[in-house]
Each structure stands twice: as C-alpha cells, then as structure tokens.
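Since the structure comes first, as structure tokens, the remarks are kept for the end.
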Amino acid sequence: MEIRSPIDGVVQELQTYTIGGVVTTAQTLMVIAPEDEQLEVEALITNQDIGFIKVGQNVVLKIAAFPYTRYGYITGKVKHISLDAIQDEKLGYVFAATILMDRNFLNIQDSPIYLKQGMQVSAKIKTDKRNVMDYFLSPLRTTIDESLRER
20 MEIRSPIDGV VQELQTYTIG GVVTTAQTLM VIAPEDEQLE VEALITNQDI GFIKVGQNVV
80 LKIAAFPYTR YGYITGKVKH ISLDAIQDEK LGYVFAATIL MDRNFLNIQD SPIYLKQGMQ
140 VSAKIKTDKR NVMDYFLSPL RTTIDESLRE R
C-alpha cells in the first residue's frame, strides 16, 4: 500500500515506525509540514491575557536557539485565536493562537539562517501602552484598593 500527500513537504510527528504495523480507522499517521509555505507559530495564551489579544496584533518572536540580545528577533502578526480554551498540564486553561511570521530566518554574520519547524520560540504580544510611572504606581493602587474593602 502506498500513501501520497496532496502537498509537497516534510514528514513530521511520524506515529507508526513498524513495517507492516496495524493502524486504526482515522488514526493520524504523520503530519506533513508544507515546504513553500510561510512559517506559523502555534502559541498558547493564558486565560489572564486572552482578553487583551486580538487578530492582527503585532508580535515579537524570540527564538530559543538564538539569544535575541545577540541575534535579534522576528516580528509577526496574530492570525487566529481559538474560540474556546483547552487544558494544558502546566498552564491550566489556555487559548491556542496562530502567529504568522514576517520572515523565516535570522541574519547571523551577514548570512540568513533559516528556522526549522519545531523550534521553540517565545511570543511577546504588545497589548497596551503604559508609561514608566504606571508600572511603579500600579502595585500601590492595587494594595490601596484591596485594603479599603470590607467584608
């Protein structure tokens, strides 16, 4: 039996390695990552942050393999946000987001180094503008608000 992909790409997350192995109906055998597509980032957004995130927002992506203080970062935009939360073992309930990268490489020593699928990134989504004074006064305001409440 031969299985063909309708798109050109790279096989990832192969589920069955045994020749002649048995698979069940509707079982995912592998994931095909398209070759000529723009890379996307799958990000998890915590419940406390989801209210401030929307499609189209700018994102700064820092690649774990390349410290951003030395090699820089890549920008992108939020493409999609899931409508409901999913359970994550470490983070609790989170929303899945897709981020479209503006480019898929970093310039290192005047040469483009292309990113690979599966590389770990951290996504910083700019949600609001605050001045420096707000950062210092915010904890004080919270303390005052909480201390003046009565049960």
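Here the sequence shown stands for residues 20 to 170, where the numbers follow our numbering.
Just so you know, even glycine gets a beta-carbon here, dropped at the ideal spot from N, CA and C.
query: Leu134 to Glu54, Cα distance in whole Å?; result: 12 Å
query: Going by CA-CA distance only, name the one from Val140, Leu33 and Met120 that's closest to Gln46.; result: Leu33
query: Based on the DSSP output, what are the partners of Asp129 in its beta bridges?; result: Bridge partners of Asp129: none, in fact.
query: Taking buried to mean at least 16 other C-beta atoms within 10 Å of its own C-beta, is Gly40 buried or exposed?; result: exposed
query: Measuring alpha carbon to alpha carbon, tell me which of Leu102, Thr162 and Ile82 ends up nearest Ile127.; result: Ile82
query: Using three-state DSSP, classify Leu134 as helix, strand or coil.; result: coil
query: Which residues does DSSP pair with Met120 in a beta bridge?; result: Gly95
query: Starting from Thr65, follow the beta strand (DSSP E) in both directions and report where the run begins and ends.; result: Glu59 to Thr65
query: If we count the other Cβ atoms within 10 Å of its Cβ and call it buried at 16 or more, is Ile64 buried or exposed?; result: buried
query: Please state if the CB of Lys96 and the CB of Asn77 are separated by a distance shorter than 9 Å.; result: yes
query: Closer than 8 Å is the cut-off here; do at least three beta carbon pairs connect the region 84-93 with the region 144-164?; result: no
query: What are the boundary residues of the beta strand (DSSP E) that Val140 is part of?; result: Val140 to Ile144
query: Look up Ile22 in the DSSP assignment and say whether it is helix, strand or coil.; result: coil
query: Sort Lys73, Asn123 and Asp129 by Cα distance to Gly137 and report the nearest one.; result: Asn123
query: Among the residues of its own chain, which have a CB less than 7 Å from the CB of Ala171, if the five just before and after it don't count?; result: Because the chain is modelled from 20 through 170, residue 171 falls outside the range shown and cannot be assessed.
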